[in-house]
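From first to last, the protein sequence lines stand for chains A and B.
In this text, residue positions in the first sequence follow the working numbering: the first is 1, and each later residue adds one.
In this text, residue positions in the second sequence follow the working numbering: the first is 201, and each later residue adds one.
There are 2 protein chains.
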Amino acid sequence: MKVSREQVAENRRTILKAASRLFRERGYESVTVAEIMKAAGLTHGGFYGYFASKDELIAGALADVLSRRPDPTGDLADFAAGYLSAAHRDNRAGGCPTAALAAETIRLAGEPRTAMTTGVKRQITRLSRIVPGETDVQKRRAAIGSWAAMVGAMILARVSDDPALSSEILEQTQSWLAAKAKDQGCATRLGRVSRGPSRK
Amino acid sequence: MKVSREQVAENRRTILKAASRLFRERGYESVTVAEIMKAAGLTHGGFYGYFASKDELIAGALADVLSRRPDPTGDLADFAAGYLSAAHRDNRAGGCPTAALAAETIRLAGEPRTAMTTGVKRQITRLSRIVPGETDVQKRRAAIGSWAAMVGAMILARVSDDPALSSEILEQTQSWLAAKAKDQGCATRLGRVSRGPSRK
DNA sequence: GTTTATACATGATGGTCGTCATGTTAAAAT
DNA sequence: ATTTTAACATGACGACCATCATGTATAAAC
Numbered sequence: 001m002k003v004s005r006e007q008v009a010e011n012r013r014t015i016l017k018a019a020s021r022l023f024r025e026r027g028y029e030s031v032t033v034a035e036i037m038k039a040a041g042l043t044h045g046g047f048y049g050y051f052a053s054k055d056e057l058i059a060g061a062l063a064d065v066l067s068r069r070p071d072p073t074g075d076l077a078d079f080a081a082g083y084l085s086a087a088h089r090d091n092r093a094g095g096c097p098t099a100a101l102a103a104e105t106i107r108l109a110g111e112p113r114t115a116m117t118t119g120v121k122r123q124i125t126r127l128s129r130i131v132p133g134e135t136d137v138q139k140r141r142a143a144i145g146s147w148a149a150m151v152g153a154m155i156l157a158r159v160s161d162d163p164a165l166s167s168e169i170l171e172q173t174q175s176w177l178a179a180k181a182k183d184q185g186c187a188t189r190l191g192r193v194s195r196g197p198s199r200k
Numbered sequence: 201m202k203v204s205r206e207q208v209a210e211n212r213r214t215i216l217k218a219a220s221r222l223f224r225e226r227g228y229e230s231v232t233v234a235e236i237m238k239a240a241g242l243t244h245g246g247f248y249g250y251f252a253s254k255d256e257l258i259a260g261a262l263a264d265v266l267s268r269r270p271d272p273t274g275d276l277a278d279f280a281a282g283y284l285s286a287a288h289r290d291n292r293a294g295g296c297p298t299a300a301l302a303a304e305t306i307r308l309a310g311e312p313r314t315a316m317t318t319g320v321k322r323q324i325t326r327l328s329r330i331v332p333g334e335t336d337v338q339k340r341r342a343a344i345g346s347w348a349a350m351v352g353a354m355i356l357a358r359v360s361d362d363p364a365l366s367s368e369i370l371e372q373t374q375s376w377l378a379a380k381a382k383d384q385g386c387a388t389r390l391g392r393v394s395r396g397p398s399r400k
């Protein structure tokens, strides 16, 4: 049975969304085409009317979810509090695609890698607008470091099967980022980082 | 043909080592038992004389490689310089098992998760000995934050198919960690982080 | 030296999954 | 209203892979 044009467009969006959620939750490989189509309310055979291959779906789903990522608002502490929350940790399917999929995407080439790279660039640019710092160079550095710390902390918290450790990673990384932000101001005010007390 | 006792012990080590390298390079799922055995110089049928299943091999290989991780020496800047190097980025198979496998291990239960959790705990403990800070609480926080940042930066650098961005992530995260370490000293010297200049 | 136990090679098996061929039905086009 | 087109359901195909059964040759035990 043929369906309407709008239905087709909606089906495509539904497939992309279902794929993105399943991939974030279980990775690219263990999720099957049949499963994605079932989650989208269709049967597996119809898949190839929408995508030429599973690889193409991966590229499409990744580009889609990354392009829809909301612009961070507020200051870095606000953003970090939301990102490094237990709710986010426990919501892989609906959470940050970078934390969920970057490590797997390393082994892919072409479109998925490029899509993820674009996502990293954009996130760095956006974060540099909200991190503290006096020069653009400083802000970009802080954006890169903070983003790496948040993504890394989320992965470490998720992999830890000790709940106390998992929470500690989220909380302490947040405090550490906050402390770093304040110190950054302090150090620059003193006239340069290099004037800080020397360590061995 | 039966082989000597020592040969058996060596074969087991060879299998674990080959598995660990292949897993770090290509992930748990896409690596086949036959491939691991071939890399170990054996045929696939013999595998089940050593391990009851591929899952058991995953647990064994992960525990093995994590337990052999060298203790960080020198100060944090030294460690970060080695960790956040282009050589490490380009050597997944021989590099940090956390950066390569933590994200995949999230989806596993039981022994592999526990092994990875133990690895995270140990690394935090070890890093807290070399990070700057005046109290144990501060040092542990810095160890957690720095470890998260290093693991996250390595993943982001590896996934970036733009070489300039990839290098920038490694270099700037390193500078950022160094600046943070110095500031941390500065801030505490000033008598508490909370006395830093207030931001909005 | 003979016997026994076992590590491993070879090959088979069953299940899973990506992909595709075909048929059917309903939307578009005329 | 009729024709045409296209979306999707059903089912099949072929490849891949984890696991296991069997045979064999050699180390270990006696």
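Ideal Cβ placement from N, Cα and C applies to all residues, glycine included.
Bear in mind the structure is a predicted one, so any value in this text is a computation, not a measurement.
Please check the pair residue i and residue j, which I expect to be a contact at CB under 8 Å, by giving their CB distance rounded to whole angstroms.
i	j	result
F279 (chain B)	P272 (chain B)	5 Å
L170 (chain A)	A149 (chain A)	In fact, because the Cβ distance is near 11 Å, the residues do not count as touching under 8 Å.
A357 (chain B)	V159 (chain A)	A357 (chain B) to V159 (chain A), Cβ: 20 Å. No contact.
S175 (chain A)	R341 (chain B)	6 Å
A93 (chain A)	V151 (chain A)	About 17 Å separates the two Cβ atoms, so there is no contact after all.
R213 (chain B)	Y250 (chain B)	Between Y250 (chain B) and R213 (chain B) the Cβ distance is about 10 Å, and since that is not below 8 Å, they are no contact.
E229 (chain B)	E29 (chain A)	5 Å
L62 (chain A)	P112 (chain A)	5 Å
A252 (chain B)	I215 (chain B)	The pair is not a contact, with the Cβ atoms about 13 Å apart (cut-off 8 Å).
From which residue to which residue does the alpha helix (DSSP H) around residue i run?
i	result
Y83 (chain A)	76-83
P312 (chain B)	311-330
T298 (chain B)	297-305
S220 (chain B)	205-226
L108 (chain A)	Element bounds for L108 (chain A): n/a, residue is neither H nor E.
M237 (chain B)	233-239
D336 (chain B)	336-359
G245 (chain B)	Unbroken run through G245 (chain B): none, as it is neither H nor E.
K54 (chain A)	54-67
R289 (chain B)	286-289
Quick one, are the C-beta atoms of residue i and residue j less than 8 Å apart?
i	j	result
Q372 (chain B)	I144 (chain A)	yes
G74 (chain A)	I130 (chain A)	yes
V231 (chain B)	L222 (chain B)	yes
P132 (chain A)	R24 (chain A)	no
I36 (chain A)	A59 (chain A)	no
L276 (chain B)	S346 (chain B)	yes
R107 (chain A)	R226 (chain B)	yes
K2 (chain A)	V33 (chain A)	no
S20 (chain A)	D64 (chain A)	yes
Looking at residue i and the ligand HEM, is the gap between the Cβ and the nearest heavy atom below 7 Å?
i	result
K238 (chain B)	The model depicted lacks the ligand HEM and carries no ligand whatsoever.
- Message: Tell me whether the segment 360-379 of chain B and the segment 316-329 of chain B touch, counting them as touching only if at least three CB pairs, one residue from each stretch, are closer than 8 Å.
- Response: Short answer: they don't touch.
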